[in-house]
Amino acid sequence: MNLPKAVADLVETQNNFDSVAYANCFSETAVVFDEGKTHNGKKEIERWIADSNERYKATIKPVGFEEKETESLLMAETSGNFEGSPIVLSYHLEIVDELIQSLKVTG
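In this text, residue positions in the sequence shown follow my numbering: the first is 9, and each later residue adds one.
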């Protein structure tokens with residue numbers, strides 16, 4: 009699957025459980041919305057993903073990708089230490105200048 013660099017890097021760093029490299033896929037002022045919570049800025053995103061990696065050990069396998077006018081949509085089979093694993097989640101991304109500006113994860 010042909011993914012933009014920011015998305016391919018996001019998948020790779022998630023699957024390597026590298027929270028620093030994952031956070032570096034985002035702009036300094038990026039926003040992540042996941043599990044009903046908002047995480048603002050690269051440092052907070054790094055803390056969020058490190059905690060998530062510790063709790064869930066989730067890996068993602070892209071199963072679909074499309075670019076729309078205002079966002080990109082990654083559909084990924086997500087496997088980890090949580091009930092119902094694996095599940096397909098939607099990763100709604102806004103990418104500007106090869107950095108993720110926003111990410112919203114939905115089920």
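Heads up, the beta-carbon is just placed ideally off N, CA and C, and yes, glycines get one too.
Q | Under the three-state DSSP convention, the category A66 falls into | A | coil
Q.
In whole angstroms, give me the CA-to-CA distance for T78 and N24.
A. Distance from the CA of T78 to the CA of N24, rounded to the nearest whole angstrom, comes to 29 angstroms.
Q. Thinking C-beta only, is V39 closer than 7 angstroms to S110?
A. Taking C-beta atoms as the reference points, S110 and V39 count as a pair closer than 7 angstroms.
Q: Could you check how far apart the C-beta atoms of L101 and I108 are, in whole angstroms? I think they sit under 8 angstroms.
A: 6 angstroms
(Q) On a Cα-Cα basis, can you pick out the residue from F90, D105, Y30, V71 that is closest to Y98? (A) The sequence as given places Ser at residue 98; Tyr does not occur at that position. Between S98 and the set F90, D105, Y30, V71, the nearest pair of CA atoms involves V71.
**Q.** Nearest-angstrom Cα separation, counted from A84 out to E75
**A.** Their Cα atoms are separated by approximately 15 angstroms.
Q | Nearest residue (CA-CA) to R63, options K50, S87, N10 | A | S87
(Q) Assuming S27 is part of the alpha helix (DSSP H), what are its boundary residues? (A) 27-31
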